[in-house]
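Taking the working numbering, the leading residue of the sequence shown gets 85, the next gets one more, and so forth.
Each remark here refers to the structure printed beneath this line.
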Amino acid sequence: MVKGKTKELLLIQVLRGFASLLVVFFHATENYHSNLGKEFLGGFFSFGGAGVDLFFVLSGFIITYTSRDLLKSRSNCSYFLQRRAIRIFPVYWIITIGFLLIQAALPTLYKTHFSYNWETLLFTFFLLPGHFMVNGVSWTLTNELFFYLLFAIAFFIRKGQWLFIIITAYCILIITVYLLGEHKAITNEWMNLVFFPMNIEFFLGVGIAIIIHKVPLRLTFPAAALGAFLFLLSGILENNGNRIFDHAFNRVVYYGIPSALLIAGLTRYEMEKKPVRVPALLLSLGDASYSLYLVHLPVMAAAAKLLARYTATGTAFSHIMMLIVIVVVCGISIFFFKYIEKPLIRFLNSKVKKNQATRVQLAN
């Protein structure tokens, strides 16, 4: 068991790990079905893509919660963006290059028809809108980067009410475009990014971070319980034919809002009830959630093809083997985080800190 320190929010880390696992089981279910023609674990995790919605709300919360001191000075904007770029790109590049090499060596197991021209390389490696996805989850990173750019505006607006007006107006604009059906006429990838309904989920997280200290303690359990219940209920509806995933705005309502309630309840509880004890394994999965998120899909795809080739369709053995693959992927991700991602990010962040300190000294 691990105890939380003063400023750590261990339950947020657990939610990050949970969100990643939902997505892992979702892709295991999809690939098992497409290759073996049967439902993995009865298709229960067909709603697991909702882990992305939870991720988006978590991201909005975490970025706001951890950046409050930085927002006090405009000069910190470049520092913020550099650290965000360091958080996203190096690990993404390493894993993407790794899978491209695997694709070249074992095309029968993992093939994406990636085209090696300058435009495809530029768009894919810098996660530009409409990029070719070597890894099927990378579209979410484009949305993440766009949120960082939007968040950076806060460094230049000193009055909170103006920020509130801007955020509210942007979310209302997205909703209006969707409700009027105008989003169907948008063909430009950049404009699709701007008006993508799930961007609202980031700002749900921002809102929770802003009001979290004002949430009455007596509401923590009801908020968390209601959020968890609504999230699971939406998943059950999804699994029973309600195509929530077919419409991005529906995802905000059915998964984004419950995620916000869950995060608000758990976070406020932890703030008041420290120290919170969390099993080390759950914390490790939370720490390694980004690596797990990026690593799992190609591995799931290859594993499902191998299972279809060498095991009887839909047998208990094939289910067990897929579960073993998931455990192995989690182990690989934890190892990758501990020995590659964490040291690399720490090293690169130390360079940014030195550069920031140098600029401050020159300014003085």
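Heads up, the beta-carbon is just placed ideally off N, CA and C, and yes, glycines get one too.
When the Cα of T252 is compared with those of F216, E425, F183, I284, which residue comes out closest?
Put simply, of F216, E425, F183, I284 the residue whose alpha carbon is nearest the alpha carbon of T252 is I284.
Under 8 angstroms Cβ to Cβ from E340, same chain only, skipping five residues before and after it: list those, please.
In the sequence as presented, Glu is not what sits at residue 340; that position holds Gly. Result list for G340: D137, F140, V141, M282, I284, E285, L288, in chain order.
Would you tell me roughly how many angstroms separate the C-alpha atoms of A134 and A332, rounded to the nearest one?
Going by the C-alpha atoms only, they are around 11 angstroms apart.
Give the C-beta separation of L346 and A388 to the nearest angstrom, bearing in mind that I take them to be a contact with Cβ-Cβ under 8 angstroms.
Contact doesn't hold; Cβ gap of about 31 angstroms is too wide.
In whole angstroms, what separates the C-alpha of N201 from that of L301?
N201 and L301 have their C-alpha atoms some 56 angstroms from each other.
Select from F240, Y194, I249 the residue whose C-alpha is nearest the C-alpha of L155.
The residue among F240, Y194, I249 with its C-alpha nearest the C-alpha of L155 is F240.
Considering just the uninterrupted stretch of the alpha helix (DSSP H) at V278, what are its terminal residues?
In the DSSP assignment, V278 falls within the unbroken alpha helix (DSSP H) covering 273-278.
Would you check if the segment 422-432 and the segment 220-231 touch, i.e. whether three or more CB-CB distances between them fall below 8 angstroms?
Contact between the segment 220-231 and the segment 422-432 is absent: fewer than 3 CB-CB pairs across the two stretches fall below 8 angstroms.
With DSSP run on the structure shown, which of helix, strand or coil describes V362?
DSSP, reduced to helix, strand and coil, places V362 within a strand of the structure shown.
Residues near G220 in its chain [Cβ-Cβ closer than 7 angstroms; skip 5 each side]
Leaving aside the five residues that flank G220 on each side, the residues in its chain whose CB is nearer than 7 angstroms to its CB run, in chain order, L381.
Taking the runs of the alpha helix (DSSP H) that are 4 residues or longer, which of them lie wholly in the segment 216-261?
Correct list: 222-236.
Compare the beta carbon distance of I295 and A344 with 8 angstroms and say whether it is the shorter of the two.
Their beta carbons are not under 8 angstroms apart, which means I295 does not touch A344 by this criterion.
Should T399 go down as buried or exposed, given a rule of 16 or more other Cβ atoms within 10 Å for buried?
Counting C-beta atoms within 10 angstroms of its own C-beta, T399 has fewer than 16 neighbours from the protein chains shown and is therefore classed as exposed.
Ordered list of alpha helix (DSSP H) runs contained in the segment 327-357, each at least 4 residues
Within the segment 327-357, the complete alpha helix (DSSP H) runs of at least 4 residues are 332-335, 341-356.
Given V278 as reference, the closest of L263, I249, L233, R242 once Cα atoms are compared:
Comparing Cα-Cα distances from V278 to each of L263, I249, L233, R242, the minimum goes to L233.
Limits of the unbroken alpha helix (DSSP H) element including F315
Annotation: the continuous alpha helix (DSSP H) that includes F315 extends over 304-323.
Within this structure, are the beta carbons of E71 and P213 separated by less than 8 angstroms?
For residue 71 there is no data in the structure shown, the boundaries of the chain being 85 and 448.
Extent of the continuous alpha helix (DSSP H) run through R32:
The chain is shown from 85 up to 448; residue 32 falls before or after that span and cannot be answered.
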